[in-house]
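Engineer: Sharing a structure with you now.
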Amino acid sequence: QKEVEQNSGPLSVPEGAIASLNCTYSDRGSQSFFWYRQYSGKSPELIMFIYSNGDKEDGRFTAQLNKASQYVSLLIRDSQPSDSATYLCAVHPRDSSYKLIFGSGTRLLVRP
Amino acid sequence: GAGVSQTPSNKVTEKGKYVELRCDPISGHTALYWYRQSLGQGPEFLIYFQGTGAADDSGLPNDRFFAVRPEGSVSTLKIQRTERGDSAVYLCASSLTVGSAETQYFGPGTRLLVL
Numbered sequence: 001q002k003e004v005e006q007n008s009g010p011l012s013v014p015e016g017a018i019a020s021l022n023c024t025y026s027d028r029g030s031q032s033f034f035w036y037r038q039y040s041g042k043s044p045e046l047i048m049f050i051y052s053n054g055d056k057e058d059g060r061f062t063a064q065l066n067k068a069s070q071y072v073s074l075l076i077r078d079s080q081p082s083d084s085a086t087y088l089c090a091v092h093p094r095d096s097s098y099k100l101i102f103g104s105g106t107r108l109l110v111r112p
Numbered sequence: 001g002a003g004v005s006q007t008p009s010n011k012v013t014e015k016g017k018y019v020e021l022r023c024d025p026i027s028g029h030t031a032l033y034w035y036r037q038s039l040g041q042g043p044e045f046l047i048y049f050q051g052t053g054a055a056d057d058s059g060l061p062n063d064r065f066f067a068v069r070p071e072g073s074v075s076t077l078k079i080q081r082t083e084r085g086d087s088a089v090y091l092c093a094s095s096l097t098v099g100s101a102e103t104q105y106f107g108p109g110t111r112l113l114v115l
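Protein chains in written order, with our numbering: chain A, 1 to 112; chain B, 1 to 115.
As structure tokens, this is what we get:
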């Protein structure tokens, strides 16, 4: 079992829709959870992080964390074609506040 | 301000050769990380520096890989006797400090191809 799992996609949504990206993790002691966006051929850039159960909103993005079920999700409202990218979920494992463990990413395609 | 920079952006080498990849972190960032990303995968942790010392090199795949950060700023990842399996994008990241909510800023990466 991988430490961080994501559906590879592609997830295809029409412009203006809500895109829902999911991630599960195996280490119940994981402390912090991050969503990075990576455009093709580019480096990852941080969108949001979350470390408390519940929702955290930032503009069109909402991160949701459920530690009991060991999943974290990212909702993108009013999806735009410019949101088309690979979204990487990453966690700090319980024994490290610096090492990031990444999932393989979910490719999102927003259709105009 | 300037972000993390990496040179070269692309490197093509032959199997068995030695390569050096350079990372220049954001000014003032004390923590520096190297990751490796293969096609279709997420970045994989290699090594973490706090200041000049390698605080955690547990992700280095074998002893052909070595990294230094002699003055606590620029870092060099060194790969000896390269193998085709070393082909990947090598990403460097830096953060102001270390902590569970600290943001790691990634550089553009060096795309290494071993023929």
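For every residue, glycine included, the Cβ atom is placed at its ideal position computed from N, Cα and C.
#1: Decide if B/D63 is buried, meaning its Cβ has at least 16 other Cβ atoms within 10 Å, or exposed.
#2: Does the separation of the CB atoms of B/G16 and B/R81 fall below 8 angstroms?
#3: Which of the three DSSP states, helix, strand or coil, is assigned to B/D86?
#4: Could you list which residues in chain A have their beta carbon closer than 8 angstroms to that of B/L91, in chain order?
#5: Tell me the rounded alpha-carbon separation between A/R88 and B/E71.
#6: Please report the Cβ distance between B/W34 and B/L96, rounded to the nearest whole angstrom; I am assuming they are in contact, meaning their Cβ atoms lie under 8 angstroms.
#7: Decide if A/T86 is buried, meaning its Cβ has at least 16 other Cβ atoms within 10 Å, or exposed.
#8: Once you ignore the five residues that flank A/G29 on each side, which residues in its own chain have a CB closer than 7 angstroms to its CB?
#9: Reducing DSSP to helix, strand and coil, say where B/D56 ends up.
#10: Quick one: complete beta strand (DSSP E) runs, 3+ long, within the segment 11-46 of chain B?
#11: Which bits of chain A does B/Q41 rub up against, with CB to CB less than 7 angstroms?
#12: By alpha-carbon positions, which one of A/P14, A/F34, A/V72 ends up nearest to B/Y121?
#13: According to DSSP, B/T76 sits in a beta bridge with which residue or residues?
#14: Quickly, what does DSSP pair A/A19 with across the bridge? List them, please.
#15: Report yes or no: is there a C-beta of chain B within less than 8 angstroms of the C-beta of A/Y98?
Structural biologist: On the basis of the data shown:
#1: exposed
#2: yes
#3: helix
#4: S43, P44
#5: First, the amino acid is wrong: residue 88 of chain A is Leu here, not Arg. Cα to Cα, A/L88 sits roughly 32 angstroms from B/E71.
#6: Going by Cβ atoms, the distance from B/W34 to B/L96 rounds to 18 angstroms, so no, they are not a contact pair.
#7: buried
#8: R94
#9: strand
#10: 19-24, 31-37
#11: S104
#12: Residue numbering for chain B in the displayed model covers 1 to 115; residue 121 of chain B lies beyond these limits and cannot be assessed.
#13: B/R22, B/V68
#14: A/I76
#15: yes
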